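Novice: Under full-length UniProt numbering, think of the first position of the sequence shown as 1, with each following residue one higher.
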Amino acid sequence: MAEQILVTGGTGQLGRVVVERLRAEAAPVRALSRKRCASEGVEWTAGDLRTGRGIDVAVAGVSTVLHCATDYRHEVETVRMLVEAARWSGQAPHLVYVSIVGVDKIPLGYYRAKLAAEKLIAGSGLPHTILRATQFHALVRSLLAGAARLPVVPVPKFRFQPVDVRDVAARLIELAQGEPQGRAADFGGPEVRTTADLARALLAASGKPKRLVTVPVPGRIARGYAAGANLTPDHADGKVTFEQYLAEQGKPTALRYR
Ligand SMILES: NC(=O)c1ccc[n+]([C@@H]2O[C@H](COP(=O)([O-])OP(=O)(O)OC[C@H]3O[C@@H](n4cnc5c(N)ncnc54)[C@H](OP(=O)(O)O)[C@@H]3O)[C@@H](O)[C@H]2O)c1
């Protein structure tokens with residue numbers, strides 16, 4: 001029998017797709033959430049990476065941990081909790097961590113925490129793989145959606161390389177089922193696009209074309225984006241474009257809670 005994979009953050013944007021794909025492959029999958037969840041073909045386990053509740057049970061007996069949970073304000077602490085539990089399990093599972101392209105170059109607080117978490121994992125002694133991905137379509141869409149409500153849409157001179165969570169999920173599963181790689185090659189969406197171009201696509205999808213105006217954004221974080229530190233054009237490996245993603249919005253989800 002194949003060895004069991006634990007997916008943390010099984011209810012999140014990325015984690016729920018990973019769980020669903022593993023289930024569809026009939027791979028033995030355990031999924032972690034702080035809530036009580038149920039779905040066919042998945043062993044759900046309740047636990048909190050912040051307090052440690054249920055984490056020893058979650059990691060017990062698994063060969064791989066695919067860490068899709070994120071606690072935006074406590075990323076390092078929650079990763080440390082997972083690493084400690086994995087070490088104590090005595091199994092030394094392969095730990096797969098999802099990070100973000102540019103965490104080492106853009107001084108956002110969350111990115112600094114992701115970088116510290118990467119270092120913690122790299123120094124943990126556990127077999128591990130770290131995959132940095134570009135911004136997910138949903139994040140880019142929500143960043144633009146607020147601006148798109150204004151009569152004239154302000155757009156910074158940044159570029160994004162939005163990626164579909166299904167493409168990231170497929171790559172993560174491939175990595176989880178392979179040998180630990182340390183830092184894997186980055187993973188980006190199929191196209192590098194200007195913010196203005198993406199805003200036009202969003203406005204076109206909503207049937208409300210508007211005038212755009214380029215706005216300067218000061219500061220070191222903005223400079224990082226303006227320099228393209230969030231991009232990985234050599235790894236434009238995702239398949240689903242932003243337009244394809246926008247066209248699919250509104251589809252129901254298979255996950256149910258109890
Ligand atoms: N969004 C992007 O554009 C993007 C781009 C590149 C990389 N990433 C990375 O991809 C990963 C997944 O992101 P996402 O957008 O899918 O996240 P998300 O939708 O915000 O989901 C976060 C998940 O973490 C779980 N969680 C939060 N706090 C927890 C805790 N204390 N204990 C246990 N579980 C906890 C939540 O589960 P419950 O609420 O059910 O407990 C939820 O399933 C993150 O590491 C993120 O940095 C994201």
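Every residue, glycine too, gets a C-beta built ideally from N, C-alpha and C. Predicted model, so just to flag it, every value in this text is computed and none were measured.
#1: For a test of the three-state rule: what should DSSP assign to Y97, helix, strand or coil?
#2: Would you mind giving the Cβ-Cβ distance between L126 and R183, rounded to the nearest angstrom? I have them listed as a contact below 8 Å.
#3: Name, in chain order, the residues that DSSP records as bridge partners for G182.
#4: When burial is assigned at 16 or more other CB atoms within 10 Å of the CB, is R36 buried or exposed?
#5: Under 8 Å by Cβ, that's how I've got V65 and V98 pegged, so tell me the actual separation to the nearest angstrom.
#6: Return the Cβ separation of V152 and K208 in integer angstroms, given the expectation that the two are a contact with Cβ distance under 8 Å.
#7: Three or more C-beta pairs under 8 Å: does that hold for the segment 195–206 against the segment 235–248?
#8: For R166, name the three-state secondary structure that DSSP assigns.
#9: Would you kindly work out how many angstroms separate the C-alpha atoms of V18 and C68, rounded to a whole number?
#10: Going by DSSP, name the residue or residues bridged to H137.
#11: What's the gap between the Cα of L108 and the Cα of L231?
#12: Helix, strand or coil for residue 275, going by three-state DSSP, please let me know.
#13: Label R41 either buried or exposed according to how many other C-beta atoms from any shown protein chain fall within 10 Å of its C-beta, with 16 as the threshold for buried.
#14: May I have the straight-line CA-CA distance separating R141 from P162, to the nearest angstrom?
#15: V83: beta carbon under 7 Å from a heavy atom of ligand 1?
#16: Please list the segments of the alpha helix (DSSP H) lying wholly inside the segment 175–232, counting only runs of 4 or more residues, in order along the chain.
#17: Suppose contacts are defined by Cβ-Cβ distances below 8 Å. Is L6 in contact with L32 by that definition?
#18: Note down, in chain order, each residue of its chain lying with its Cβ closer than 8 Å to the Cβ of A85, except the 5 sequence neighbours on either side.
#19: Going straight from the alpha carbon of Y257 to that of A227, what length do you get?
#20: Take the Cβ of T214 as the centre, count every other Cβ of all protein chains shown within 10 Å, and call the residue buried at 16 or more, exposed below.
#21: Looking only at its own chain, which residues have a Cβ that is under 8 Å from the Cβ of A147, when we skip the five neighbours before and after it?
#22: Any heavy atom of ligand 1 closer than 7 Å to the Cβ of residue 260?
#23: How big is the Cα-Cα spacing for I221 and E25?
#24: Per DSSP, what kind of secondary structure is E75 in: helix, strand or coil?
#25: Take L246 as the anchor and find which of A205, L120, R50, V165 has the nearest alpha-carbon.
#26: Can you give me the C-alpha to C-alpha distance between L144 and K105, rounded to a whole angstrom?
Specialist: If we stick to the structure as given:
#1: Here Y97 sits in strand by DSSP.
#2: Approximately 14 Å separates the beta-carbon atoms of L126 and R183; this is outside 8 Å, ruling out the contact.
#3: Per the DSSP secondary-structure output, G182 pairs in a beta bridge with T129.
#4: Its Cβ having fewer than 16 others within 10 Å, R36 is exposed.
#5: So it is not a contact: roughly 12 Å between Cβ atoms.
#6: That pair is no contact at about 13 Å.
#7: With a cut-off of 8 Å, the segment 235–248 and the segment 195–206 count as touching, because enough Cβ pairs lie within range.
#8: It is helical.
#9: Between V18 and C68, the alpha-carbon positions lie close to 9 Å from each other.
#10: DSSP lists no partner for H137.
#11: About 16 Å.
#12: No information on residue 275 is available, as it lies outside the stretch 1 to 258 that the chain covers here.
#13: The displayed chain sequence assigns Gly, not Arg, to residue 41. Under a 10 Å Cβ-count criterion, G41 is classified as exposed, with fewer than 16 other Cβ atoms of the shown protein chains found around its own Cβ.
#14: Taking the straight line joining both Cα atoms gives about 9 Å.
#15: No, ligand 1 has no heavy atom inside 7 Å of this Cβ.
#16: Listed in chain order, the complete alpha helix (DSSP H) runs (minimum 4 residues) inside the segment 175–232 are 195–205, 220–226.
#17: Between L6 and L32, the gap from beta carbon to beta carbon is short of 8 Å.
#18: The residues are G52, I55, D56, A58, V59.
#19: Residue placement at Y257 is flagged as unreliable, the pLDDT there being 30, under the threshold of 50; the coordinate-derived value follows with that caveat. Straight-line Cα distance between these residues: approximately 42 Å.
#20: The residue in question, T214, is exposed, as its Cβ has fewer than 16 Cβ neighbours within 10 Å.
#21: Excluding positions up to five away in sequence, the list reads V153, P154, V155, A199.
#22: No answer is possible for residue 260: it lies beyond the span of the chain, which begins at 1 and ends at 258.
#23: A direct Cα-Cα distance of roughly 41 Å separates I221 from E25.
#24: For E75, the secondary structure class from DSSP, reduced to helix, strand or coil, is helix.
#25: The candidate whose alpha carbon is nearest that of L246 is A205.
#26: Cα-Cα distance, rounded: 23 Å.
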